[in-house]
Amino acid sequence: MPAASPLSTQRVYYSSTYVRLLFDYLSEQGKDAVRVLGEARPPEDDRGLTLYASAHWRRLLECAVRALDDPLLGLHVGQRITPAHLGALGYALHACRDAGAALARWQQYEHLIANVARMEVRVEAASVAIEWHDAPEPLGPLVDEVALTAIVQFARNITGTRHGPDEVCFVHPSPANERPYADYFGCPVRFGQPVNRLAFPLHLLTQPLRQPDDALLQMMERQASALLAELRQTDDLEQSVREAVARLLTQGEASIEQIAADLHVSSRTLHRRLAELGLNFRILREDTRRRLAIDHLNDPRLTLAEVAWLLGYSEHSAFTRAFRRWTGESPQQWRSRQPARAANVARG
Numbered sequence: 046m047p048a049a050s051p052l053s054t055q056r057v058y059y060s061s062t063y064v065r066l067l068f069d070y071l072s073e074q075g076k077d078a079v080r081v082l083g084e085a086r087p088p089e090d091d092r093g094l095t096l097y098a099s100a101h102w103r104r105l106l107e108c109a110v111r112a113l114d115d116p117l118l119g120l121h122v123g124q125r126i127t128p129a130h131l132g133a134l135g136y137a138l139h140a141c142r143d144a145g146a147a148l149a150r151w152q153q154y155e156h157l158i159a160n161v162a163r164m165e166v167r168v169e170a171a172s173v174a175i176e177w178h179d180a181p182e183p184l185g186p187l188v189d190e191v192a193l194t195a196i197v198q199f200a201r202n203i204t205g206t207r208h209g210p211d212e213v214c215f216v217h218p219s220p221a222n223e224r225p226y227a228d229y230f231g232c233p234v235r236f237g238q239p240v241n242r243l244a245f246p247l248h249l250l251t252q253p254l255r256q257p258d259d260a261l262l263q264m265m266e267r268q269a270s271a272l273l274a275e276l277r278q279t280d281d282l283e284q285s286v287r288e289a290v291a292r293l294l295t296q297g298e299a300s301i302e303q304i305a306a307d308l309h310v311s312s313r314t315l316h317r318r319l320a321e322l323g324l325n326f327r328i329l330r331e332d333t334r335r336r337l338a339i340d341h342l343n344d345p346r347l348t349l350a351e352v353a354w355l356l357g358y359s360e361h362s363a364f365t366r367a368f369r370r371w372t373g374e375s376p377q378q379w380r381s382r383q384p385a386r387a388a389n390v391a392r393g
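In the working numbering, the protein residues as written are 46 to 393.
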């Protein structure tokens, strides 16, 4: 039996500080963000610890596209990024002495903002490349365009220059009009690439920042470290539950009693610990099943019946109904379009 991919059980999220960027942008456009998005603005006092699943973030962006009739929403939202939208990390980056120091802090604390793919930084001959690999699920053009635009805009903001990347790569296919992308980024923009990628000139790492402040940097780093430790407590329990669900699904429904026994705690204790962290067992189990389904369907060695069994479904029809609920497609439809999705699986 194939082992569950660790990518299928890791926590995938965006922080509330980052999600507030969309609420702010809609308000700037004269829209009632709460009405457009169908939910309340993230709490201002949550320190960025309210986390949004990637599918949730994508849905919010899609709502905004419809309300504004703006196919370039990703480019436009990303350009409104400020330190406040990155929380303690944003202010720490703003206070660094040079761009290289800011990049190092970003790598250290990136999970305060999002955990959607493995970020890899490579120094090449005359450039430094940032790539995103191994995301557990497709995110889509909107999500990727907001992210890469926000990074470039934030770099321009803190350096006080119009310096941009040498190259931008997106995994999603070319849009109908590529010109706005080239105009904003000021460099070749390639679509349908293996990974999302930004390449900057190497000398940019030594570019002084506009407002270095050692005292502010130290204070923000202390806050960022404390927040990261708090976030990891949540991550550790969620990861353990997801991994146990993945192991036990073939034995049936993977009930909370089974998972608790696997983790050597009582079901009451597990329920309480999850609730303390704002987590719900049924939602975790359902989301883990969904991710595993996508992971297994991407493996051509597995038949649909085997995928259903690996997910704990005794009948193929029950799996089909669940998959339609998750994705709007049948497993057969999803798999038949797998080649078209291949470029969207390595995300950032």
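No residue lacks a Cβ here, since even glycine has one placed at the ideal position from N, Cα and C. In this text, all values refer to a predicted model and were calculated from it rather than measured experimentally.
Query, Result
"Rounding to the nearest angstrom, what Cα-Cα distance links W177 and C108 in this structure?", "26 Å"
"Please report the residue range of the beta strand (DSSP E) in which R242 lies.", "241–246"
"Going by DSSP in three states, S381 sits in which element: helix, strand or coil?", "helix"
"What's the call for S311, buried or exposed, on a 16-neighbour Cβ count within 10 Å?", "exposed"
"Ordered along the chain, which non-local residues of its own chain (more than five positions away) have a Cβ less than 7 Å from that of G373?", "none"
"Which whole runs of the alpha helix (DSSP H) in the segment 64–107 are 4 residues long or more, in chain order?", "78–82"
"Alpha carbons only, please: which of R366, I339, A367, E351 is nearest the one belonging to R382?", "I339"
"Do A129 and G135 have their C-beta atoms closer together than 8 Å?", "yes"
"State the start and end residues of the unbroken beta strand (DSSP E) segment that holds V173.", "172–178"
"According to DSSP, is S60 helix, strand or coil?", "strand"
"Alpha carbon to alpha carbon, what distance is there between L322 and M265?", "24 Å"
"How about Y70 and W102: do their beta carbons lie closer than 8 Å?", "no"
"Less than 8 Å between the beta carbons of Y63 and L138, yes or no?", "no"
"Contact between the segment 274–289 and the segment 317–335: three or more CB pairs below 8 Å?", "yes"
"At a cut of 8 Å, does the segment 150–163 reach the segment 76–88 through at least three beta carbon pairs?", "no"
"Report the residue ranges of all alpha helix (DSSP H) runs contained in full by the segment 121–183; include only those spanning at least 4 residues, in chain order.", "132–140, 144–154"
"Go to V213, then tell me how far its alpha helix (DSSP H) extends in each direction, as first and last residue.", "Counting along the chain, V213 falls outside any alpha helix (DSSP H), though it belongs to the beta strand (DSSP E) covering 212–214."
"Three-state secondary structure (DSSP) at R267?", "helix"
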